[in-house]
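Q:
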Amino acid sequence: MSNTELTFLSLHSDHLNPPRFGLLSPIRQWLDGVEIHDRKLAHFICKAIPAQCPFERDINLFGRKVAHIPPMCKINPLYDQLVGLRFRSLCYLVDECGETL
1428 MSNTELTFLS
1438 LHSDHLNPPR
1448 FGLLSPIRQW
1458 LDGVEIHDRK
1468 LAHFICKAIP
1478 AQCPFERDIN
1488 LFGRKVAHIP
1498 PMCKINPLYD
1508 QLVGLRFRSL
1518 CYLVDECGET
1528 L
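If you want the numbering used here, it's the 1-based position in the sequence shown plus 1427.
#1: On a Cα-Cα basis, can you pick out the residue from G1511, I1502 and T1527 that is closest to A1478?
#2: Count the CB pairs spanning the segment 1451-1466 and the segment 1493-1513 that are closer than 8 Å, and state whether there are at least three.
#3: I think R1466 touches C1524, with their Cβ atoms under 8 Å apart; what is that distance to the nearest whole Å?
#4: For a test of the three-state rule: what should DSSP assign to H1470, helix, strand or coil?
#5: Looking only at its own chain, which residues have a Cβ that is under 7 Å from the Cβ of E1483, when we skip the five neighbours before and after it?
#6: Applying the 10 Å Cβ sphere with the 16-neighbour rule, what's the burial state of L1520?
#7: Exposed or buried, which one is I1469 when buried takes at least 16 other CB atoms within 10 Å?
#8: May I ask you to list the residues that DSSP assigns as paired with H1495?
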């Protein structure tokens, strides 16, 4: 595929499924390449990256659900990399440090 075709595809791709190349590609690669070798860093990452979307909410009025705010995390273009980093941190804590979570 030529550069012109890649540019065309990137300009006309669906905004909900962004291409895997582009401006954020170096950050994605860096996040995917981060290796965890320190217990304090692993704990910090697990605390900094939430296990579930903190924005998802049910709005109740007089005991009845009147609205639902869906999880917004999937909109984040680095969501998969951050979840992977948190998972690697959890695996390090369990496998290497012997912690139970």
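Even glycine gets a Cβ: it sits at the ideal position worked out from N, Cα and C.
This structure is a prediction, so every number in the text was calculated from the model and none was measured.
A: Checking against the coordinates, here is how it stands:
#1: For A1478, the closest alpha carbon among the candidates G1511, I1502 and T1527 is that of G1511.
#2: Verdict: yes, contact present.
#3: 5 Å
#4: helix
#5: Counting only Cβ-Cβ distances below 7 Å, and skipping sequence neighbours, we find I1496, P1497 and P1498.
#6: Using a 10 angstroms sphere on the CB of L1520, the tally of other CB atoms reaches 16 or more, which defines it as buried.
#7: It is worth fixing the name first, because residue 1469 is Ala in this sequence and not Ile. Answer is buried; the Cβ neighbour count reaches 16.
#8: D1485
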